[in-house]
Structure formats: C-alpha cells, structure tokens
Amino acid sequence: MGRREEGLAECKPDSPSAIPRARGIPYLVMDQMPEKMWKRVENWEFRTTRLDRISGKTSMLELERDTGVSAFPEIQFPSNAFAVSCVGADGEPVVLFDLLSILKNAAEFYATADYREKVRSQIVLPVSEGWAMAPFDSHDPGVDWAWRHRYYGIQSDRLRPLEPGMRDVDWDLLRNNALPIVFFGELDFFEDDLHDFGMVRCSVKFRVMTTAFYILFRHFVRLDHHMIWMRDVRIFHKFGETRAESGVEIPHIVVVEQFAKHDITQHESLEWKDVSPDEAFKKAILLSEDKFCVDTTPS
Numbered sequence: 054m055g056r057r058e059e060g061l062a063e064c065k066p067d068s069p070s071a072i073p074r075a076r077g078i079p080y081l082v083m084d085q086m087p088e089k090m091w092k093r094v095e096n097w098e099f100r101t102t103r104l105d106r107i108s109g110k111t112s113m114l115e116l117e118r119d120t121g122v123s124a125f126p127e128i129q130f131p132s133n134a135f136a137v138s139c140v141g142a143d144g145e146p147v148v149l150f151d152l153l154s155i156l157k158n159a160a161e162f163y164a165t166a167d168y169r170e171k172v173r174s175q176i177v178l179p180v181s182e183g184w185a186m187a188p189f190d191s192h193d194p195g196v197d198w199a200w201r202h203r204y205y206g207i208q209s210d211r212l213r214p215l216e217p218g219m220r221d222v223d224w225d226l227l228r229n230n231a232l233p234i235v236f237f238g239e240l241d242f243f244e245d246d247l248h249d250f251g252m253v254r255c256s257v258k259f260r261v262m263t264t265a266f267y268i269l270f271r272h273f274v275r276l277d278h279h280m281i282w283m284r285d286v287r288i289f290h291k292f293g294e295t296r297a298e299s300g301v302e303i304p305h306i307v308v309v310e311q312f313a314k315h316d317i318t319q320h321e322s323l324e325w326k327d328v329s330p331d332e333a334f335k336k337a338i339l340l341s342e343d344k345f346c347v348d349t350t351p352s
C-alpha cells in the first residue's frame, strides 16, 4: 500500500467514519421581515420599507381584489415603500410610494379620457396589415398593457399649478457635489420583460441632503428595436422655504411631471438593453412637462 497522507485516518469502506455525514443545506426563510429604515432631517421624516421578494399567490389575489385589475407585471415588490412626513403633522404622509397605490392609480387612469386622448397614443406598436384588419375579441384586463399611470406619490387634489414667480427646482443646489447626503436609496415596485420584447420598470430614487430633498419617480418602458417611453415625476423641497396658502405659511414643495420618448428603430448598432434610463432620458424627446406645487394645509 502506498503511504497514507499525514493527518488522515485510514477508513474501511464499511466503517462508520467512511460514510459521509448529512450536512445542512441552504433554505429560504419564508417569513423574512422587511428591512425598515428612517431618517429625520430638519422637520421632515423619511422612511423606507424594503423586502426584495416578489409577490406570492396570496399577494396576487389580494392585489386583484384591491385594484380590480386582472393582469399584473411579472415581478412585483409589494413590501417596498417610501414615505415622507412632516414632523408633528397629523394624517397621511405628504409623499408615499408603494405598489398598491401605483397599481390602483393605473387602473383608475386607464378609464379616463386623459389616458385615451393623451397617453395611450404615445406608444403605438407596429403590426402587420393582416393583424390590423383582423376582427377578434380581446380580454380587457382593466389596465394599460404597460401599467402606465398618473401617480405622483402625492394626492392629486393637493397639486396646484406652479405659478410664474414661484420658486422652481433648484438645479444648482442639486448639482453641488459638496453638499453632504445624509440619506439616500432606490426601490423597485414592479418589472416586466414584455414576453422578452422589452422591459417595463417602475421605481423611485431619492436623496436627502442637509439643505433639501429630491425624489425621482420613474416609469420606464422599452420596446426593443422600436422605442423608449418614460414618465418622470421629480419632487423637490428646500428646507425652510415656505409660501402662503389660504393665509397659512406652508412648505414649498415643487413637483415636475415629464413625458418623454425616443425612437430606437434606427439604432440597431446600439445595445439599448445596456443603456441606463438616465442616459435614455437625455436622448429622448420631451413630449410634455407640467409643474406643480403642493398644498399641505390640513384638510
């Protein structure tokens, strides 16, 4: 027999030490709790709830019941949420982003003239003449096929047009890299690959500095070899800035809504799947822009 390796015991095939012991295997913790974080800056409180786990069957049934929608994105994150509240104020947060609110708004928006007359035609899928002429019954899921919406994260009845002379988003402040960022993050609410023909993604990014907060809520749609469509909602507030509303001084919060799209049919050489939404927005054509301020007076 050859020389045994030093430190290893010789084992017969039928000896207990020769039989490999069963080892534990990794497993999923199904009752994992969401990660919750919060930060207070000046008179504002920022809260995030994150759980990167997609909806199960029970969550899907609850979404269908609560929204009246029968078609959902392939991936949803029902536990993810971002809220902004004014310290000492009663009632709901001033800003709230979560999956249920977005999908409920998408279902409501789908039934409006605003959707039919303004948004639906912004994405037109090219089809053959045969398909265009074919009569067939289709199931109406009660929502746009790309789950487009007009959700702002703020109750729409609290939005007022930004009047001339009112302070706008302070872009110079946001470009100042010397300002310390004390809280930041990004949350996804849903995604879908459009049956491998593109991508839909709804997400929010935010950063809180010592002097202001800035939020970007984005709905991104990419149809491969056809077009990119985006709706951006940007929310900005500089701490301490107020304005008079009904004789009361309230925080001055600016909301900017933008629709944009970009034709990518002529860019076969560019791999659009690798282009970030931020880069795509820079190349896109701005379809419309609306600016608002927020009425935060007690209801």
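Adding 53 to a residue's 1-based position in the sequence shown gives its number in the working numbering.
Idealized CB from N, CA, C, for every residue including glycine.
Item                                                                                                               : Value
Any 3 or more C-beta pairs closer than 8 Å across the stretch 220-229 and the stretch 262-269                      : yes
Residues that Val196 bridges to, as DSSP identifies them                                                           : According to DSSP, Val196 bridges with nothing at all.
Ser123 beta carbon less than 8 Å from that of Glu115                                                               : no
Cβ-Cβ distance between Arg93 and Ala136 below 8 Å                                                                  : no
Same chain only: Cβ atoms within 8 Å of Gln175, ignoring 5 sequence neighbours per side                            : Trp282, Phe312, Lys314 and Leu340
DSSP beta-bridge partners of Phe237                                                                                : Arg260
Contacting residues, own chain, Cβ-Cβ under 6 Å from Asp343 (five flanking each side not counted)                  : Glu310
Secondary structure of Thr165, DSSP reduced to three states                                                        : coil
Option nearest Ala300 by Cα separation, candidates Thr349, Asp316 and Gln319                                       : Checking the sequence, you will find Gly at residue 300 rather than Ala. It is Thr349 whose Cα lies nearest to the Cα of Gly300.
Anticipated Cβ contact below 8 Å, Leu152 with Phe292, distance rounded                                             : With a Cβ gap of about 29 Å, Leu152 and Phe292 do not count as contacting.
Identified DSSP bridge partners for Asp210                                                                         : In DSSP, Asp210 forms no bridge with anything.
Met219 (DSSP reduced to helix, strand or coil)                                                                     : coil
Boundaries of the beta strand (DSSP E) in which Pro126 is found, first to last residue                             : Pro126 -> no beta strand (DSSP E), and no H or E assigned at all.
Rounded straight-line distance, which links the Cα of Pro217 to that of Ala160                                     : 33 Å
Interface flag, Ile176 vs chain B, CB-CB below 8 Å                                                                 : Any reference to chain B falls outside this structure, which holds one protein chain only.
Pair within 8 Å by beta-carbon distance, Thr295 and His279                                                         : no
Distance between beta carbons of Asp223 and Phe289, contact taken as under 8 Å                                     : 7 Å
Among Gln208, Pro233 and Phe273, the one whose alpha carbon lies nearest that of Ala333                            : Phe273
Under 8 Å between C-beta atoms of Ile207 and Val148                                                                : yes
Start and end residues, alpha helix (DSSP H) containing Glu310                                                     : Where Glu310 is concerned, there is no enclosing alpha helix (DSSP H), although the beta strand (DSSP E) it sits in stretches over Val301 to Asp316.
Cα-Cα separation, Asp143 to Glu98                                                                                  : 13 Å
Residues bridged to Gly251 [DSSP beta-bridge criterion]                                                            : Leu276
Nonlocal neighbours in the same chain, by C-beta distance under 7 Å from Pro15, ignoring five residues either side : The displayed coordinates of the chain run from 54 to 352. Any statement about residue 15 would go beyond what the structure contains.
Whole-angstrom C-beta distance between Phe150 and Ala166, which should lie under 8 Å                               : That belief does not hold up - the Cβ atoms of Ala166 and Phe150 are roughly 26 Å apart, past 8 Å.
Per-residue burial, Ile78 [other beta carbons within 10 Å of its own, 16 or more giving buried]                    : Legend: pLDDT at Ile78 = 46, less than 50; position of this residue unreliable, value from coordinates given subsequently. By the neighbour-count rule (16 or more Cβ atoms within 10 Å), Ile78 is not buried but exposed.
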